[in-house]
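To start, the structure under review is shown below, and the notes come after it.
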Amino acid sequence: MHFLDDSLLPENQQPLVIQAAPYGPQWLPGDSDDVPVTMAQQVQKAVDCYNAGATVLHVHVREADGKGSKRLSMFNEMLDRLRTAVPDMVLQVGGSISFAPESEGDTARWLNDDTRHGLAELTPRPDQVTVAINTSQMNTAELKADTDVIGTSWEGLENSPYREMTIPAGPAFVDEHIRRLVANGIQPHFQIGHLAQLETLGRMIRRGKYMGPLVLNWVAIGGGMDGPNPRAMMEFINHVPDGAVLTIEGTNRPTWPLTTMGICLGMHVRCGIEDTLQDDLGQRIPSVRQVEKLVRISRELNREIATGKEAGRIYQIGVQYGSIEETLAKDGYPPLRKPGQRGFLHYDGAYFAGESQRAAEAPRQARVARRLALLADRAWSATTADALAD
């Protein structure tokens, strides 16, 4: 991303989109009084986060016994209720479904490929499903201190079932997962932990494996991903193309300085008990108050807070692109290299002339498509179709 002289001025920044992650499948109900358990409590938590200023909801679901649900039928029920309760909120389902251990003594693990592919068939469909890139370590205990987990089921970090957790996200799975999500009108939201993963995603886009808006989180949770280092954050931002939508995500108390910097820089932010139970001083803070805190920081910096509809437009929910070239241009990547072309790549006048021509032809193409659709329906006559198309 390029920072121009006026990029840090609030009037030139997008309204802030706040992702709320209030379900925290890694926690048990006894770990915090902010863990919602019943379906009604989980839906109410979404309503409260939305009313506080969050416009994207990171969705996990709990069973009645308080454990993270691995049943897609529970996600269907949750999504159905959420569509009624928070109709303008962007619903983003966590791609792990739930990595919480099945029972005491088990290791935390992501579910198998076929189960995760089932996220593309959720009904009602979510706006997004999060997608990881490249199989890697995800030791979420690494950055936690003993003081972070006092009084929780995480006490005794050396024996945490999350120390050996990995993300199964190899090329074959990711290619197929993205294909299924896009085919069902669900936007992949990429969870990227370091530059190597971002580079892989860029190569996938250049090969046509994904053709759509580039919406992603920088996931600074350590344990196989970047840690909360401002130098790492800026290096990551420098490699993200200008057309992308980038959210800053941290863990534990460093969540707060990272998200504050993200707000200043024009990025978007995430919060909630899935990321931290604590504020910057180490005091317990529920998800709704976390959202309120980020709203307060943003307003102090005179940056607007996005409405639900604005968040959907910023994320470009429902948008797909028709070619590799269009994807590269709109996401902000350099174009494809033409045979024999030398030097660094940029968009020349011929490209923009072509874009203008395509824009001019779009209304005619829309009329033709409409006419063909009407002709395909035998209940309509060709005369009626001609009249409507004109």
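Here my numbering is used: the first residue of the sequence shown is 51, the next is one more, and so on.
Don't be surprised by glycine CBs; every beta carbon is placed ideally from N, CA and C.
All figures in this text were calculated on a predicted structure; none of them were measured in a lab.
Going by beta carbons, P174 and L129 fall inside the 8 Å limit. In the DSSP assignment, Q328 forms a beta bridge with R334. One alpha carbon belongs to L351, the other to V67, and they sit about 15 Å apart. Restricting attention to R387, C314, C321, G322, the CA atom closest to the CA of P65 is found in C314. In terms of Cβ geometry, I217 and M254 do not form a close pair [threshold 8 Å]. Taking the C-beta atoms as reference points, V87 is found no nearer than 8 Å to P75. For N234, the closest C-alpha among the options E226, Q241, F240 is that of E226. Assigned with DSSP and collapsed to three states, T309 falls in helix. DSSP, read as helix, strand or coil, puts I255 in helix. If you draw a 10 Å sphere on the C-beta of R159, you find 16 or more other C-beta atoms in it, and that means buried. Note on geometry: alpha-carbon atoms of R112 and P221 lie some 30 Å from one another. Taking 4 residues as the minimum length, the alpha helix (DSSP H) runs contained wholly in the segment 151–182 are 163–167, in order along the chain. Note on geometry: alpha-carbon atoms of V140 and E205 lie some 34 Å from one another. Relative to the Cα of R339, the nearest Cα in the group D56, M275, W306 belongs to W306. In this structure, the alpha-carbon of E360 lies about 9 Å from that of D138. By the criterion of at least three beta-carbon pairs nearer than 8 Å, the segment 180–187 is in contact with the segment 258–276. For N267, the secondary structure class from DSSP, reduced to helix, strand or coil, is strand. Residue environment analysis places T165 among the exposed positions, since fewer than 16 neighbouring C-beta atoms fall within 10 angstroms of its C-beta.
A direct Cα-Cα distance of roughly 46 Å separates M275 from P413. Contact between the segment 315–327 and the segment 294–304 is present: 3 or more CB-CB pairs across the two stretches fall below 8 Å.
For T377, the enclosing alpha helix (DSSP H) stretches over residues 374–381. Distance from the CA of N62 to the CA of K380, rounded to the nearest whole angstrom, comes to 19 Å. Counting the other CB atoms within 10 Å of its CB gives S119 a total of 16 or more, which places it among the buried residues. DSSP places G358 within a helical segment (H, G or I) once states are collapsed to three. Taken through DSSP and simplified to helix, strand or coil, H396 comes out as coil. Counted as a single uninterrupted DSSP element, the alpha helix (DSSP H) harbouring Q92 occupies residues 89–102. The straight-line gap separating the alpha-carbon atoms of P60 and R349 is approximately 10 Å.
Secondary structure of R121 (DSSP, three-state): coil. By the criterion of a C-beta distance shorter than 6 Å, H239 is surrounded in its chain by Q142, Q178, T180, V265, once the five residues flanking it on both sides are discounted. Nearest Cα to G243 within the set S337, Y397, A282, L169: A282.
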